[in-house]
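**Q** Dropping the structure in here first, questions after.
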Amino acid sequence: MTEKKEGIGPAEAGKAGVGSARFRWVDRGLIALMVLPLVCCLVLKVLFKPESQGVDISGAMIYLTIPGFPLQDLVITESQINSWGIMISLLGLCLYLTHGLTERAETKRQLAAEWIVEKCENLVTVNMGERFAGYEYLIAAIMGLSAFSSLSCLIGLFAPTGDVNITAGWAVLVFVLYTYTKLQGGVLNYLKGFTEPIPVFTPMNFISEFSLPISMAFRHYGNVMSGAVISVLIGTALRSLSKMLLGGIPVIGNIPLLQIGLPAILSLYFDVFSGLMQAFIFAMLTMMNVAGAFPQEAWEKRQAKKAIRRQRADMARAEA
Amino acid sequence: MVELAMGIMLGLCGVGAGIALIAGIGPGIGEGQAVAAACEAIGRQPEAKSDVTSTMVMGCAIAETTGLYGLIIGILLIFVAPGIFSGVLRETVLALK
């Protein structure tokens, strides 16, 4: 969903006309760029998956361990690989949607791309204000990556958001942004913010500062992971139930008939609704935290102060 | 001796998971109140239904967080902790011998 990077500019329009043979070949390549990473992830999963029976609840598989790093061996896990796969696939989607842009929207994909860009810009301006225009790239990227990561379990991949390391990485990114925005109000102001409303609150303010990324990471991870765990538990329970009830019948007994249907409805809530909801909430919280770190009034006050200082400096220079 | 220790450990993991899930009470009450207030608001101003609903769902998802912390602890205690603790127990027993 980072379409804006490719821009709405008509730069690409003249290269190859919509419908020409070259255009179609590039299109096919982009679709392959979208599909192939996911296929690669699936193949890797199938190759590495150990045989298991019964309740299978485990975190991401470890594909590779690279020794020789200072703190700890570098482990390459399933969630990292899937996350990169989804990123490449999303890049393919963005390139596909923005391929062959024209000044007046003619194709469906251009309309879709423009709709997405418009919605994201609107969301960011409404929630963060004009001052933070430019954050929509980040917000759209976070939202798209999060949503597609959560949805990737529909095609049988391990959802990267079900691993706390991935969401913690995003939360650290948000924390850095938030601290950076706070520091824009001046280092002294930033330090002073910890002693508010009274100096006794300093330790609590420190804790609340660090609890923000933790709560963001755990909210997203907890929702996705608990959904996956509940789905597995119910699926296993239904399988054993159908074995118990229908096990005596010769042919039908081998098919877990009760497992048909109900897990799909659960997945509709846990995977689709919850995943999309969490993506939206993560983006929303990012916007609120970053925008709240340096409120409009503080910004205006600082601008006024700066203006006065500049005026004084000018006057001093004029006198000299 | 090891069996007894293992049994106590597993039992306490289960009890701990149960206690951790008490955390579900808070979000339950909170979300119930949020939905009740949202229903009231929609009843008073039916034209603001979409705004109220989206805000409510958002707030509910945030209120859910504390419950989720408990749920994560519970899941970890049932599926992850026994493995770690039994490894620790085995090592201790080996060291004692």
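Residue numbers (my numbering), protein chains in the order written: chain A, 26 to 345; chain B, 1298 to 1394. Beta carbons are placed, not taken as given, at the ideal position from N, Cα and C, and that holds for glycine. Since the model is a prediction, treat every value here as computed from it, not as a measurement.
#1: Have a look at the DSSP bridge pairing and note the partners of Leu89(A).
#2: So with CB distances below 7 Å, who are the chain B contacts of Asn248(A)?
#3: Select from the region 305–331 of chain A all residues with a C-beta closer than 9 Å to any C-beta belonging to chain B, and list them in chain order.
#4: Can you tell me whether Val71(A) is buried or exposed? The criterion is at least 16 other CB atoms within 10 Å of its CB, across all chains shown.
#5: For the putative contact between Glu161(A) and Val149(A), defined by C-beta atoms under 8 Å, what is the C-beta separation to the nearest angstrom?
#6: Would you say the beta carbon of Lys144(A) is closer than 7 Å to some non-hydrogen atom of the ligand MG?
#7: Alpha carbon to alpha carbon, what distance is there between Pro62(A) and Arg53(A)?
#8: Tell me which residues share the same chain as Ala137(A) and place their Cβ nearer than 8 Å to its Cβ, disregarding the 5 neighbours each side in the sequence.
#9: With 8 Å set as the bound, which would you pick, yes or no: does the beta-carbon of Ala1332(B) sit closer than that to a beta-carbon of chain A?
#10: Looking at chain B, which residues of the region 251–284 of chain A have a Cβ within less than 9 Å of any of its Cβ atoms?
#11: Would you say Met200(A) reaches chain B, if we count a Cβ-Cβ gap shorter than 8 Å as a contact?
#12: Please classify Leu126(A): does DSSP put it in a helix, a strand, or coil?
#13: To which residues of the same chain is Pro238(A) closer than 8 Å at the C-beta, ignoring the five residues directly before and after it?
#14: Can you confirm whether Phe243(A), when its beta carbon is compared against all beta carbons of chain B, has any partner nearer than 8 Å?
#15: Given that Leu1261(B) touches chain A, what residues does it touch there, using C-beta distances under 8 Å?
#16: Looking at the unbroken alpha helix (DSSP H) that takes in Gly218(A), where does it start and where does it end?
#17: If we ignore side chains and look at the alpha-carbon of each, how far apart do Phe319(A) and Met229(A) end up?
#18: Starting from the Cα of Trp324(A), find the closest Cα among Leu208(A), Thr127(A) and Leu263(A) and give me that residue.
#19: If you compare alpha carbons, which of Gly1327(B), Ile1326(B), Val1349(B) and Pro1324(B) is closest to Cys1336(B)?
#20: If you measure between the beta carbons of Ala242(A) and Val315(A), is that distance less than 8 Å?
#21: Smallest Cα separation from Tyr246(A): which of Ser265(A), Ile290(A) and Ala172(A)?
#22: If you drop the 5 nearest sequence neighbours on each side, which residues of the same chain put their C-beta closer than 6 Å to that of Asp339(A)?
#23: Which term fits Leu216(A), buried or exposed, when burial requires 16 or more other beta carbons within 10 angstroms of its beta carbon?
#24: Using a threshold of 8 Å, state whether the C-beta atoms of Pro1324(B) and Glu1300(B) are closer than that.
#25: Leaving aside the five residues before and after Met302(A) along the sequence, list all residues of the same chain whose C-beta is less than 7 Å from its C-beta, in chain order.
#26: Does any residue of chain A have a CB that is nearer than 8 Å to the CB of Val1354(B)?
#27: Going by the beta-carbon positions, is the gap between Ser175(A) and Val249(A) smaller than 8 Å?
#28: Figure out for me which residue from Glu131(A), Cys119(A) and Ser104(A) has the closest Cα to the Cα of Ile141(A).
#29: For a contact meaning CB atoms closer than 8 Å, what does Ser240(A) contact in chain B?
#30: So which residues on chain B does Met302(A) lean against when the C-beta distance must stay under 8 Å?
#31: Along the chain, where does the alpha helix (DSSP H) containing Lys1346(B) start, and where does it finish?
#32: Under the rule that 16 or more other beta-carbon atoms within 10 Å means buried, what is Met269(A), buried or exposed?
#33: My output table needs one value for Ala341(A): the three-state DSSP class, helix, strand or coil.
#34: Spell out whether any CB of chain A is found under 8 Å from the CB atom of Ile1372(B).
#35: Hey, Gly300(A) and Ala253(A): beta-carbon distance below 8 Å or not?
#36: For Pro288(A), which residues in the same chain have their Cβ closer than 8 Å to its Cβ, ignoring the five residues on either side in sequence?
**A** Let me spell this out:
#1: For Leu89(A), DSSP records a beta bridge to Ile101(A).
#2: Going along chain B in sequence order, the residues near Asn248(A) (Cβ under 7 Å) are Leu1365.
#3: For the region 305–331 of chain A, which is checked against every Cβ of chain B, the residues closer than 9 Å are Phe305, Ile306, Met309 and Leu310.
#4: Its Cβ having fewer than 16 others within 10 Å, Val71(A) is exposed.
#5: The pair is a contact, with the Cβ atoms about 4 Å apart (cut-off 8 Å).
#6: Absence of the ligand MG is noted for the structure shown, with no ligands found whatsoever.
#7: The alpha-carbon atoms of Arg53(A) and Pro62(A) are separated by roughly 15 Å.
#8: In chain order, Leu122 place their CB closer than 8 Å to the CB of Ala137(A), counting only its own chain and leaving out the 5 sequence neighbours on each side.
#9: As written in the sequence, residue 1332(B) is Val, which differs from the Ala given in the question. Answer no: the Cβ-Cβ gap between Val1332(B) and chain A never drops below 8 Å.
#10: Cβ contacts with chain B: Ser251 and Val254.
#11: Residue identity check: residue 200(A) is Phe in the sequence provided, not Met. No, Phe200(A) lies away from the interface with chain B (no Cβ there is under 8 Å from its Cβ).
#12: Coil.
#13: Hits under 8 Å: Ala193, Ala196, Val197, Val199 and Phe200.
#14: Taking 8 Å as the CB threshold, Phe243(A) lines the interface with chain B.
#15: In the structure as shown, chain B begins at 1298 and stops at 1394. Residue 1261(B) is therefore absent and cannot be evaluated.
#16: Unbroken run through Gly218(A): none, as it is neither H nor E.
#17: One C-alpha to the other measures close to 20 Å.
#18: Cα-wise, what sits closest to Trp324(A) is Leu208(A).
#19: Out of Gly1327(B), Ile1326(B), Val1349(B) and Pro1324(B), Val1349(B) has the C-alpha closest to the C-alpha of Cys1336(B).
#20: No, these two residues do not count as a Cβ contact at 8 Å.
#21: For the residues Ser265(A), Ile290(A) and Ala172(A), the minimum Cα distance to Tyr246(A) belongs to Ala172(A).
#22: Taken in chain order, the list of residues that qualify is empty.
#23: By the neighbour-count criterion, in which a residue is buried when 16 or more other Cβ atoms sit within 10 angstroms of its Cβ, Leu216(A) is exposed.
#24: Not closer than 8 Å, so no.
#25: Nothing listed; no residue qualifies.
#26: By the rule that beta-carbons nearer than 8 Å mark a contact, Val1354(B) touches chain A.
#27: Yes, they are a contact pair.
#28: Ile141(A) has its Cα closest to that of Cys119(A), out of Glu131(A), Cys119(A) and Ser104(A).
#29: Contact note: Ser240(A) reaches chain B through Thr1362, using a C-beta cutoff of 8 Å and chain order.
#30: Here the neighbours are Val1354 and Ala1358.
#31: Lys1346 to Phe1376 is the extent of the alpha helix (DSSP H) around Lys1346(B).
#32: Classification of Met269(A): exposed, given that the 10 Å Cβ count is below 16.
#33: If DSSP states are grouped into helix, strand and coil, Ala341(A) belongs with the helices.
#34: The beta carbon of Ile1372(B) sits closer than 8 Å to some beta carbon of chain A.
#35: Result no, Cβ atoms of Gly300(A) and Ala253(A) do not sit closer than 8 Å.
#36: The beta carbon of Pro288(A) sits closer than 8 Å to the beta carbons of Ser256, Ile259, Gly260 and Leu263 from its chain, once the five residues preceding and following it are set aside; these are given in chain order.
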